[in-house]
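Structure first, then comments.
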Amino acid sequence: MSPALFSQLCALGSSLVLITGIAILWRHSLAVYIDYFARQSFVFVLVILGVAAYAGEAELYLVAAMVFLFKVMLIPRILRRVRRHVGVDLEVRPYVNVPASVALAGLLTLIAYAVTRPVVEISGLPTRAGIPLALAVVFVGLLIVVSRRSALAQIVGFLVLENGIALLAILATYGVPLIVELGAFLDVLLGFLVMQVFVYRIRETFDTIDVDRLSGLRH
Amino acid sequence: MMTALLVEALQALLTLALAPGLIGLVRFLKARLQGRRGAPLWQPYRDLRRMLRQEVVLSTDASWLFRAAPFVVFGSVLVVSLLVPLIAAPLPFDEVGDLVVVVYLLLLGTFVLSLAGLDPGSAFGGMGSSREMTIAALAEPTIALAIFGLGVRAGSTNLGRIVARTLASPAETLGPGHLLAFAALFIVMLAETGRLPVDNPATHLELTMIHEAMLLEYSGRYLALLEWASAMKFLIFQALLANLFVPWGVAVSLSPRALLVALGALVLKLAALGAGVALLETRLAKLRLFRVPELLSVSFLLALLAITASFVMR
C-alpha cells in the first residue's frame, strides 16, 4: 500500500471514529448511545488492524483482538444489561441541547486541529493526519460526560474518551508498549465495572440515574 | 467553441427531459419497496402534460408576484443546469458562474417561491413559507461549505475545475474531506429538495408539509412549471453529488464518443442515487419539525470537518 493511500485511509478511519462519537451527541436514546459506542470501537479495531498491517507490528494485532473482545463485545453487552435493568431509555433534557452540543463538537475539533499543529508538523508518520481527530474524540468524550444528565450516558462518554486516548497512542507512535496497553485496559475495565455498580446503587437509592438529582437531599 | 455551446444546450435539454423521469423512478422504486405496484416511470410526464393543458384558477388576492414566481423559479433552475457539469467538465459557461452563483440561483428560486406562498394570504401557504425559510437558512451555508471543502483542494470554486482536479488525483476520493463533504451534501440535498426525513413529498394534505404547502394555491400551467422546476432541482442536486464526488465518466473532451459515455454514466449514476433515496425514504420516518435543525446542524458539522480535513491535508 502506498504511504499516500494509507495516510488517506487512516484519516478516514479516524474521522469515522470521531463521527460515531459525535453521533452520540445527536441522539437521545441511551440504547443508541451504546450501539454507537460499539460501532466506534469496531471502527477503532479496523484502524488498529490497518496500522498493524502497514507498520508490521505483531503486538498491535493482539491489541486489536483485545479491543474487539472488550469494547465491541463485552462492555456494550454489560451496558445493555444495565440499561434494561435500570429501565430508562431517553436522555430527556441534556444540560446542553442537541444543536448546541453538535456545534460545540465542531468547535472542539477545530481547537484540536489548532493545538496538535506542532505535533503534526514534526511527526513523520503517515498516520499523522489522524492525530487531531483522535484528540477531538477525547474532547467529544469529555463533552458527553459534562453535558448529559444520565449516569449511563456519562459512562459512555468516559468510554469514548478512553477510545480517543488509545487512538491517539496508536496514531502518534504506532501504539505504546504492550505492557502499558494491558495496564490501561485493566484500568478502564475496572473503572467501568465500578461505575456500573455505582449506577445500580444510584438507581436503588434515588430511583433515577439522573445525576442532577444527586445534589439535593431526598424528599 | 460552437460544439461546446451545443453541449451546454444539450445539458439544459437533458435536465428538462430527464428530471420528471428521475422523480418517476424514485416514486416507482419506493412503491415497489413498500409492496405497492406503483405508477409507471413516465407518469410524471403525463402529469405535466395534463397540467399544462388545464385551466389556471387564480385567487382574487393574488398579485403579479404570484403569477411571475413560477417563471422565475423555472428560469433560475434552468440557468443552473447550464452551470453544473452534467456530462462534460470544463465548459464555456464555467467562466460565467461558479459554485457561489449556483447556490444563490437555487436560493433565489426558494426565496421567490416563499414570497409566492405568502402572496395569496392563505394560512397553509404562509406556514409553508415560514418553514421553508427556516430550513433554507440552515441548509444554505452547508451546501456552500461542503462544496468549498472540495474547492479548497482544487484551488478554485469553479465546478468544472473541481471535477477535473478530482479526476486527476483519484486517491484523494478516499480521504475524509471527500466523503464527509458527500455525506453533508447528501443530507442537505434531502432538506433542500423536500425529501423524507425533512418533508414528505408524497402528501398533499398534511399539517407538516412544507414544499406542497407553498404550491397549494397553484394550478394549471403554473403548477406544471413549479413541479417541473422542483424535479429539475432534484436532478441538479443528484448530478452535483454524482459528478463532484464520483466524477468518472464525465467527458473531458468534446468528442461524440466521450459524450455518449458521459451520458450513459450520468443516467446510471442518477439511477443509483435515485435508488438510494428511495431506499432511504422507505426506511426513514419524517422527523419532527423541531428536530430538523438538529439534523441540519449535524450536516453543517460534517461539512465543517470536511473543509478542515481538506485544508489541513492540502
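One line per chain: the protein sequences are A and B, in this order. According to the working numbering, the first sequence is numbered sequentially starting from -16. According to the working numbering, the second sequence is numbered sequentially starting from 69. Even glycine gets a Cβ: it sits at the ideal position worked out from N, Cα and C. Only a predicted model underlies this, so the values are computations on that prediction, with no experimental measurement involved.
Check                                                                                                                    : Outcome
Chain A contact for T376(B) (CB, 7 angstroms cutoff)                                                                     : yes
Where S12(A) sits in the DSSP three-state scheme                                                                         : strand
Assigned secondary structure, S133(A) (DSSP; H/G/I helix, E/B strand, else coil)                                         : strand
Candidates G4(A), P160(A), A155(A), of which the one nearest Q23(A) by Cα                                                : G4(A)
S298(B), enclosing alpha helix (DSSP H) - first and last residue                                                         : 288 to 313
Start-to-end residues for the alpha helix (DSSP H) that takes in A80(B)                                                  : 70 to 101
Backbone secondary structure at L73(A) - three-state DSSP                                                                : strand
One or two residues paired with A156(B) in a DSSP bridge                                                                 : A319(B)
Beta carbon of A117(A) nearer than 7 angstroms to that of S(-3)(A)                                                       : yes
Nearest residue (CA-CA) to L74(B), options P160(B), A137(B), L352(B)                                                     : P160(B)
Per-residue DSSP class, three states only, for D115(B)                                                                   : helix
Amino acids of chain A, ordered along the chain, whose beta-carbon sits closer than 8 angstroms to that of G243(B)       : Q(-9), A(-6), L(-5)
Among L275(B), V169(B), L291(B), R359(B), nearest to L150(B) - alpha-carbon criterion                                    : V169(B)
Positions along the segment 70 to 93 of chain A whose CB lies within less than 8 angstroms of some CB in chain B         : V81, P82, V85, A86, A88, G89, T92, L93
Own chain, CB closer than 8 angstroms to A99(B), minus 5 neighbours either side, in chain order                          : R105, G106, A107
Cutoff 7 angstroms: E208(B) Cβ touching any chain A Cβ                                                                   : no
Chain A contacts made by the segment 220 to 243 of chain B, where a contact means CB separation under 8 angstroms        : A239, E240, L242, G243
Element boundaries [alpha helix (DSSP H), containing M178(A)]                                                            : 161 to 189
Endpoints, alpha helix (DSSP H) assigned at R325(B)                                                                      : 324 to 351
Under 8 angstroms by beta carbon: chain A residues contacting L355(B)                                                    : None at all; the shortest Cβ gap to chain A is about 12 angstroms.
Alpha-carbon spacing of P238(B) relative to V320(B), whole angstroms                                                     : 15 angstroms
In DSSP terms, what D193(A) is bridged to                                                                                : S133(A)
Three-state secondary structure (DSSP) of R356(B)                                                                        : coil
Reduced DSSP category for S24(A) - H, G, I as helix; E, B as strand; rest coil                                           : helix
P115(A) vs A95(A) beta-carbon contact at 7 angstroms                                                                     : yes
Contact residues within the segment 123 to 154 of chain B, judged by C-beta distance below 7 angstroms to chain A        : none
Residue from E76(B), L370(B), L109(B) whose Cα sits closest to the Cα of A157(B)                                         : E76(B)
8 angstroms Cβ cut-off: residues of chain B touching A(-13)(A)                                                           : A239
Straight-line Cα distance separating F141(A) from A346(B)                                                                : 38 angstroms
Own chain partners of V231(B) with C-beta closer than 7 angstroms, once the 5 adjacent residues on each side are dropped : P153, A157, N311, L312, P315, V318
Beta-carbon neighbours of L253(B), restricted to chain A and to distances below 8 angstroms                              : Chain A residues near L253(B): none, gap ~15 angstroms exceeds 8 angstroms.
Beta-carbon gap between A48(A) and Y157(A) smaller than 7 angstroms                                                      : no
CA-to-CA distance, V121(A) to L82(B), given in whole angstroms                                                           : 49 angstroms
Close Cβ partners of D193(A) (< 7 angstroms) along its chain, the five nearest in sequence each way excluded             : R132, S133
Test item: CB-CB of L93(B) and L109(B) under 7 angstroms                                                                 : yes
Cutoff 7 angstroms: Y96(A) Cβ touching any chain B Cβ                                                                    : yes
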